[in-house]
């Protein structure tokens, strides 16, 4: 069976800067994969490439059988993405946001009510503008869009961020039920214990590539850059 | 494409109805522009009335910049622009929807400004059909150009200053043709507006066509 997601030597650029520097990865259908790596490792870029938001400069990339190099727009209706921001409109109510998202993706409007209820938007809460919701509620609204859309591939960037304990448990439940729901999930998270309890597999990234867990990552260089020093020179005492 | 356009226009107009930015900010701004022109030229209606058409369209042009900036500001907040891209909507439909929503807002604004030039400048609103036709064709052209250049500017950090720089020179033909058409109508010689109305229609059709073709790649451009 063809993998749900496949990257082979994928390179993605921001200007001349490589966001992905030859990343290779295969994810089977129904698998839940935790993308792990330091800041700047390429986790978000992998998710954006697979969502068709970021162009593949060279290499191969397919998602749900769609060739992302040839046409990165083709996969978008089948993908649900949760980013650092909500992707929603502050002046629309939670329900209006869902309604627009579902209509835009030609989904079934019948899924809106159950999704709202599942994510805790009961009573008047679904009818207030998103901008008046708390950060956690906005995160839940984005999750409600994912649930209502019923996308086959979920791409989640730090999905636990901003959620309260109940929301986190709810999200974990959704992720744990992915295989049964026929959904493939890739998610980036720095909450390793929680993430690895849910994931079928952990994929390590560093420097825009998929690496083996034991492989030394570019941490010394990155730390040196953060403190404004060349590798090999001593860090200032306050950093050490 | 048209289904997507209606969906996007409906969403943008709903946001406007909810936020009332055009009603509470762009409208008063346009009226303030009319008032300031009146102050600059003096209270003499013999001077103001003949200049009504040009001053009206300059106020419309400046207001269009604000309306287009607002149209893209709602897409910038919370990365809604990425949400729009992820939805898989036809880019041509997004273009037509956003341009349509801007056009509707401008038409409402122009109705208010028309009353404004009559009251403030003493313009006699003769040739109503020509006035309306010039507004319709001119507004479509302005909304199409604004939406097209708006998506270019919206992806850049300098969007607030870049949009007027891109937009205003391109719409100079609209300013000229619409002013001439209105001048002819207000002077009681609407027959002299025909050629200028043709210019407005051609301009609108041309930029709508360019927008349908070019909006997709521009929307994708980070």
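Protein chains in written order, with the working numbering: chain A, 44 to 283; chain B, -2 to 219. Positions of the beta carbon are idealized from the N, C-alpha and C atoms, including for glycine. Quick caveat: nothing in here was measured; it's all calculated off a predicted structure.
The Cβ atoms of residue 232(A) and residue 75(B) do not sit closer than 9 Å to each other. Taking 9 Å as the cut-off, the beta carbon of residue 92(A) is found no closer than this to the beta carbon of residue 141(A). 137(A) is the residue among 137(A), 190(A) and 208(A) whose C-alpha sits nearest the C-alpha of residue 165(A). Buried is the label assigned to residue 226(A), since at least 16 other Cβ atoms lie within 10 Å of its Cβ.
Taking 4 residues as the shortest admissible run, the segment 177 to 218 of chain A contains the following complete alpha helix (DSSP H) segments, listed from N- to C-terminal end: 178 to 192. Identification of chain A residues near residue 86(B) by a Cβ-Cβ cut-off of 8 Å yields 147, ordered along the chain. Within chain B, the residues placing a beta-carbon under 7 Å from that of residue 129(A) are 75, ordered along the chain. Here the alpha carbon of residue 177(B) sits roughly 9 Å from the alpha carbon of residue 194(B). Under the 9 Å criterion on CB atoms, residue 154(A) is classed as non-interfacial with respect to chain B.
For residue 96(A), the neighbours in chain B by C-beta distance under 8 Å run, in chain order, 79, 82 and 83. A distance below 7 Å between beta-carbons, with the five flanking residues on each side excluded, links residue 193(A) to the following residues of its chain, in chain order: 150 and 154. Cβ proximity to chain B below 9 Å picks out 115, 116, 117, 118, 119, 120, 121, 122, 123, 124, 126, 127, 128 and 129 from the segment 114 to 129 of chain A.
Taking a C-beta cut-off of 7 Å against chain A, the contacting residues of the segment 50 to 71 of chain B are 71, listed in chain order. Neighbourhood of residue 135(A) in chain B, by CB distance below 9 Å: 8, 11, 12 and 15, in chain order. Spatial neighbours of residue 221(A) in its own chain (CB-CB distance under 8 Å, excluding positions within 5 residues in sequence) are listed in chain order as 73, 75, 197, 227 and 228. At a Cβ-Cβ threshold of 9 Å, residue 174(B) and residue 182(B) do not count as neighbours. Relative to residue 184(A), the option among 237(A), 55(A), 133(A) and 230(A) whose CA is nearest is 133(A). Using a Cβ-Cβ distance cut-off of 8 Å, the segment 159 to 172 of chain B and the segment 194 to 205 of chain B are in contact, since at least three pairs of beta carbons, one from each stretch, lie closer than that value. The Cβ-Cβ distance between residue 182(A) and residue 47(A) does not fall below 9 Å.
In the structure shown, the three-state DSSP call for residue 186(B) is coil. Taking the C-beta atoms as reference points, residue 200(B) is found no nearer than 9 Å to residue 145(B). In chain order, 117 and 118 place their CB closer than 7 Å to the CB of residue 109(A), counting only its own chain and leaving out the 5 sequence neighbours on each side. For residue 165(A), DSSP records no beta bridge to any residue. Here residue 30(B) is near residue 56(B), since their CB atoms are less than 9 Å apart. Sequence-distant Cβ neighbours of residue 161(B) in its own chain, meaning closer than 7 Å and more than five residues away, are 62.
Residue contact with chain A for residue 107(B): absent (no Cβ-Cβ distance below 9 Å to any residue of chain A).
Checking the DSSP bridge columns, you'll see residue 54(A) partnered with 64(A) and 101(A). In the structure shown, the three-state DSSP call for residue 231(A) is strand.
With fewer than 16 other Cβ atoms inside 10 Å of its own Cβ, residue 14(B) counts as exposed.
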